[in-house]
Amino acid sequence: MSRKLVAGNWKMNGGAAANAALVNGLLAGIGQPRCDVVVCPPAVYLHQVRGLCGENAVLQLGAQDVSVAEGGAHTGDVAASMLAEFGVRYCIVGHSERRRYQHESDLTVAHKAERALAAGITPIVCVGETLEERQHGLTEFTVRRQLDAVIQINHGRLAGMVVAYEPVWAIGTGESATPEQAQQVHAALRARLKAVDTDAAGVRILYGGSMNADNAAALLAQADIDGGLIGGAALKAAEFLQIVAAAG
Ligand code: 13P
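Counting from 2, one number per residue, gives the positions in the sequence shown under the numbering used here.
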């Protein structure tokens, strides 16, 4: 079984003082975790967080997004090569909030994953159905469509990525998927990856959506749940550390 991965997606939260308190709290309590731990602050704070982590490599840096372009005239964007040069190791791509508010298509997300992989950054590719899609029995259809776009563009390089299953209805709602619901989708995602590339069978598939200190252990005990992508609970050092401990 692969080493689990717990990533904190801070979203558009934080500020210099809050970031310092959070990272110092994490460093004080984290010890030697038995899983990989990533923090994804807003881009403007990557520099601060890198400084706070210092030589401590236990917390790895992640970005929340990356440009679909390689460089040049793309005002407001940050290139994968820039993130890599800075020391960013992971990058969330295709989060449902970006698909919704920035209208990112499956194809755009697939090309963002391609940029990250080309720069040596591990993309954390998010997939997930809306409540309406679930109610219409379209859960596996939706995540398969989202995953297939990424597969098509990144064939042969899939082993270098991470997938995150984040049901949209579970994000920020306090209503997590049950371990059984999540496992069913994770198993389908794994089967698809394995079918197209045997090397991709071991891709880590994270669960995200109202994961917290109380439900993490049951979710992480599922056969195909290889970690978590944590939103709200990643902003509280003690709670995030409990999730990290549950993944050990
Ligand atoms: P919450 O943990 O706040 O539900 O957010 C999950 C998420 O969107 C992580 O990317």
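Each residue gets a CB set at the ideal place from its N, CA and C atoms; glycine is no exception.
The structure displayed is predicted, hence computed values, not measured ones.
### Inter-residue CB distance, G232 and K12 (contact presumed, cutoff 8 Å)
6 Å
### Query
Is N54 helix, strand or coil by DSSP?
It is Cys, not Asn, that sits at residue 54 in the sequence shown. Of the three classes helix, strand and coil, the one that applies to C54 here is helix, per DSSP.
### Proximity winner among Q61, D66, R158, S106, relative to T199 (alpha-carbon distances)
R158
#### Entry: Boundaries (first-last residue) of the beta strand (DSSP E) holding R205
205-208
### Task
Within the same chain, show all residues whose beta-carbon is closer than 8 Å to that of G72, passing over the 5 residues directly before and after it, in chain order.
A80, S82
### Query
Where do the N-terminal and C-terminal ends of the alpha helix (DSSP H) with V144 fall, by residue?
140-154
### Backbone secondary structure at P124 - three-state DSSP
strand
### Query
Which residues in the same chain have their Cβ closer than 6 Å to the Cβ of A111, if we skip the five residues on either side of it in sequence?
A150, V151, I154
### Task
Out of L84, S68, A85, state which residue places its alpha-carbon closest to the alpha-carbon of D78.
S68
### Query
Run through DSSP, which three-state label would N213 get?
coil
### Message
Which same chain residues end up closer than 6 Å to Y208 when comparing Cβ atoms and leaving out the 5 residues on each side of it in sequence?
### Response
Y166, A183, L220, I226, G229
#### Entry: beta-carbon N10 near the ligand 13P non-hydrogen atom, thresh 7 Å
yes
### Message
Taking the beta strand (DSSP E) that Q61 belongs to, which residues open and close that run?
### Response
Q61 -> beta strand (DSSP E) spans 60-64.
### Task
Mind reading off the beta-carbon distance from T123 to G95? Whole number of angstroms is fine, and I expect it under 8 Å.
Between G95 and T123 the Cβ distance is about 14 Å, and since that is not below 8 Å, they are no contact.
### Query
According to DSSP, what are the bridge partners of N14?
Answer by DSSP bridge pairing: none, since N14 is not bridged.
### Message
Tell me which residues pass a beta-carbon proximity test against the ligand 13P: closer than 6 Å to any heavy atom, given in chain order.
### Response
N10, H96, E167, I172, G173, G209, G210, S211, M212, L230, I231, G232, G233, A234
### Task
Go through its chain and collect everything with a Cβ distance to C36's Cβ below 8 Å, but skip five positions before and after it.
R4, K5, L6, V7, G228, V245, A248, G249
### Query
beta strand (DSSP E) containing R37: first to last residue?
Note that residue 37 is Asp in the sequence shown here, rather than Arg. D37 -> beta strand (DSSP E) spans 37-41.
### Contact check, E240 vs N213, beta carbons under 8 Å
yes
### Query
What is the residue span of the alpha helix (DSSP H) that L84 lies within?
81-87
### Query
How many Å lie between V186 and T131 at the Cα?
14 Å
### Query
CA-CA distance, A188 and G26?
Answer to the nearest angstrom: the Cα atoms are 35 Å apart.
### Message
Are there any heavy atoms of the ligand MG lying less than 7 Å away from the beta-carbon of Q65, as far as the coordinates show?
### Response
As far as ligands go, the structure on display features the ligand 13P and does not contain the ligand MG.
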